[in-house]
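Visitor:
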Amino acid sequence: MSSSQRSQRIGSRVKRGGRAIGVCLAVGLLGYLSGTAAGIGTIGHLSLLGYSTETVDEIGLSVAFNVVGAGGTAVSYLIVRRHGFDREFIVDFLRLRRPTRWDLGWVVVGLVGAFVAVVGYQQVVDLIEPLGGSEGTTHSGIEAGREYPVLFLLGIPLAVLLTGPGEELLFRGILQSRLRETFPTAVAVVLTGLVFGAVHLPVYIGSEPSAVVVSLGTVTTLGLYFGVLYECSGTLLVPALIHGCFNATVYLTNYLTYA
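Using my numbering, you'd call the opening residue of the sequence shown number 4 and step up by one each time.
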């Protein structure tokens, strides 16, 4: 192969890689913006109807963000890409299949592993300067729940039914699968994990910079972990359930602590 051909081949790869990253960033940003807009609209309508309370607003925001922002954006991408609803393509692209008993084992072991990953990450942070000993800041939804503990109980089914499936559909199902078409699997997992962490930045804004960095690192670590689970299990069901159950466990723990 001549140097000219080699240069053209490298240029083509760089172009394809840049296009894939651009598409994924655009889809991720669209998911965040549409979810935010839907959440604000939902809260506004609830207020007009006289149901505006901290509890109702948090529930409305969560439902709107995951259904419209994550789920709606993911479905829209699949439809636009194939110019219509292509069931065979969707099943193959998202790696959907009938669950097996092995998948249940993945979920149980994977849920324990998620907490191990978070604890391990914090231990690493404790050894790094200037973050040594730093703790992450609290998610805005958790802060609201500590004032209104009923939010935690309501958040448990929402986490399992909406948050886990919605976010995993968008990030692992759409973004990671799209990046995997262009990049090696490991690179796709890392890039998706970074995007997953970045879109969570707004919920931590306002805290100390070191706390925000630690919190985003925690979210990114979980994103990488869910990405690995998706690849190892071969089905989107596994990370979706583990993600939802992880959040639900956090809610339950907070409820038992603050109720």
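The beta-carbon is built from N, C-alpha and C at its ideal position, and this holds for glycine as well. Note that this is a predicted model, so its numbers are computed, not measured.
1. Using the Cβ count rule (16 or more neighbours within 10 Å means buried), how would you classify leucine 232?
2. Ignore the nearest five residues each way along the sequence and tell me which others in valine 70's own chain have a CB closer than 8 Å to its CB.
3. Could you give the distance in angstroms between the alpha-carbon of valine 112 and the alpha-carbon of glycine 14?
4. Let me check understanding here. Comparing Cα to Cα, which of Cys248, Arg183, Val202, Leu244 lies closest to glutamate 234?
5. Looking only at its own chain, which residues have a Cβ that is under 7 Å from the Cβ of leucine 114, when we skip the five neighbours before and after it?
6. Quick check on isoleucine 82: does DSSP put it in helix, strand or coil?
7. Could you give the C-beta distance for leucine 240 and aspartate 106, rounded to a whole number, given that I count them as a contact under 8 Å?
8. Measure the CB-CB distance between valine 324 and threonine 39 and report whether it falls below 8 Å.
9. Shortest alpha-carbon distance to threonine 252 belongs to which of Phe155, Gly200, Arg85?
10. Where are the alpha helix (DSSP H) runs, 4 residues long or more, that stay fully inside the region 210–259, in chain order?
11. I need the DSSP call for arginine 90, collapsed to helix, strand or coil.
12. For a quick check, are the C-beta atoms of phenylalanine 199 and threonine 223 less than 8 Å apart?
13. Buried or exposed, going by whether 16 or more other CB atoms sit within 10 Å of the CB of phenylalanine 174?
14. Restricting to Cα atoms, I'd like to know which of Ala162, Gly237, Gln125 is closest to serine 213.
15. Identify, in the order they occur along the chain, each residue of the same chain with its Cβ nearer than 7 Å to the Cβ of alanine 73, setting aside the five sequence neighbours on each side.
16. What residue range is occupied by the uninterrupted alpha helix (DSSP H) comprising proline 168?
Guide: So, from the listed chains and residues:
1. In summary, leucine 232 is buried, with 16 or more beta-carbon neighbours lying within 10 Å of its beta-carbon over all protein chains present.
2. Ala41, Leu165, Gly169
3. 42 Å
4. Checked all of Cys248, Arg183, Val202, Leu244; the closest Cα to glutamate 234 is Arg183.
5. Ile245, Cys248, Phe249
6. Helix at isoleucine 82.
7. 6 Å
8. In the structure displayed, the chain extends from 4 to 262; residue 324 sits before or after that span and is not available.
9. When C-alpha distances from threonine 252 are compared across Phe155, Gly200, Arg85, the shortest belongs to Phe155.
10. 212–236
11. Here arginine 90 sits in helix by DSSP.
12. Note that the C-beta distance between phenylalanine 199 and threonine 223 is below 8 Å.
13. buried
14. Gln125
15. Gly34, Gly38, Gly169, Glu170, Leu172, Leu173
16. 167–171
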